Amino acid sequence: MNMVDAPKLMLDGEHRVLYELFEEELRALVTVEQFEAMSKEYTAGVSAFHLVLDNTMNKLRMIHWMDDSGTKGIQAMIDEAGMIVGFMLSPLERFSESDSRYSATTFKLPFKGKWYVFWGGEHVMDNYHYVEESQRYAIDVVRTEEGMTYHGDPDLNESYFAFGEEILAGASGKVIAIENNIADNVPVGVVNETEPAGNYVIIDHGSHEYSLYAHLKLGSVCVLEGTDVESGDRIGLCGNSGNSSEAHLHFQVSDHPDLFRDGTKSLNINWLGDVKVRKGEIVDGGK
5 MNMVDAPKLM LDGEHRVLYE LFEEELRALV TVEQFEAMSK EYTAGVSAFH LVLDNTMNKL
65 RMIHWMDDSG TKGIQAMIDE AGMIVGFMLS PLERFSESDS RYSATTFKLP FKGKWYVFWG
125 GEHVMDNYHY VEESQRYAID VVRTEEGMTY HGDPDLNESY FAFGEEILAG ASGKVIAIEN
185 NIADNVPVGV VNETEPAGNY VIIDHGSHEY SLYAHLKLGS VCVLEGTDVE SGDRIGLCGN
245 SGNSSEAHLH FQVSDHPDLF RDGTKSLNIN WLGDVKVRKG EIVDGGK
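Quick note: the sequence shown uses my numbering, first residue 5, plus one each step.
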């Protein structure tokens, strides 16, 4: 079957046809009867789901659909054999007030060249950070080539295209905090939960706006606390430190420098040129 038709099978009551494509471990989590019951309840009142994402990354195909109301989503992950290894019914809670409130500071993309937005957007299918007010508009970006984030041995950080890439200040400001001594994790699946941001730089842009650049490479931070930086200045290198399973940059703007403080709010980012930084997009920071 054509995988993009999966929601139509659900709406047509052909749940068993779809279930037959579930990989064995997924079937162990839910019976066909349970899947049918959940599907019927979730799709009640929905006339159609529309394809909003169909990308393949590291040989895993990701497909997302959304209903006309924009409040119900479906996610599927497909392996190389065409089997469904992940399938999620995703209610899409929206926070329209904060969605429409952008940073006063205008930010350039904090890197050079083309990067893939793995997480970014204004609902949980596009951005898993969205449910947390303190990280709601954070982005995670990686470097890719031909649908892969690495070449060679996936257990080596140096195999990942993002590892060691220059990270730049997105706007001018004053560096108020850095960390530069956290070891990079061994990819994939090993993370440092005790130091979730890993190596990082925090820049104060005034107006209670602070940008965070996280998961930087051990020893690569090249700015000092208290120094002024200009937009585009190099501040470090992309790494795999902290709560990170492979080399990527976590970037966000907040109303307080302490991401983990109660009450800290992530701000929707005012990107220079109104760049659309959402899941599935390739964004270009230039040369």
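For every residue, glycine included, the Cβ atom is placed at its ideal position computed from N, Cα and C. Note that the coordinates shown come from a computational prediction; the quantities given were computed from them, not determined experimentally.
By the CB criterion at 7 Å, His252 and Asp144 fall inside the cutoff.
At a cut-off of 4 residues, the continuous stretches assigned as alpha helix (DSSP H) that sit fully inside the segment 12–91 are 19–23, 28–31, 36–47.
Where Ser107 is concerned, the enclosing beta strand (DSSP E) starts and stops at 106–111. Runs of the beta strand (DSSP E) lying entirely within the segment 136–222 and spanning at least 3 residues, in chain order: 143–146, 170–172, 177–183, 203–208, 214–220. Between the alpha carbons of Asn274 and Glu199 lies a gap of roughly 28 Å.
Excluding residues up to 5 positions away in sequence, Gly174, Ile207, Val257 lie with their Cβ nearer than 6 Å to the Cβ of Ser215 in the same chain.
Leu228 is not bridged by DSSP to any residue.
Here Asp130 is buried. Its C-beta has 16 or more other C-beta atoms within 10 Å. Gly17 and Val121 have their C-alpha atoms roughly 34 Å apart. Residues Glu170, Leu172, Cys226 of the same chain have their beta carbon placed closer than 7 Å to that of Arg238, with the five preceding and five following residues left out of the count. As a beta-bridge residue in DSSP terms, Tyr120 pairs with Val146, Ile286. Secondary-structure assignment with DSSP links Leu93 through a beta bridge to Ile78. Lys116 is not a Cβ neighbour of Leu276, given a cutoff of 7 Å. 7 Å or more divides the Cβ of Lys283 from the Cβ of Gly90. In the displayed model, Gly246 falls within coil according to three-state DSSP, outside both helix and strand. Looking at the backbone, the Cα of Pro95 and that of Ala52 are separated by about 15 Å.
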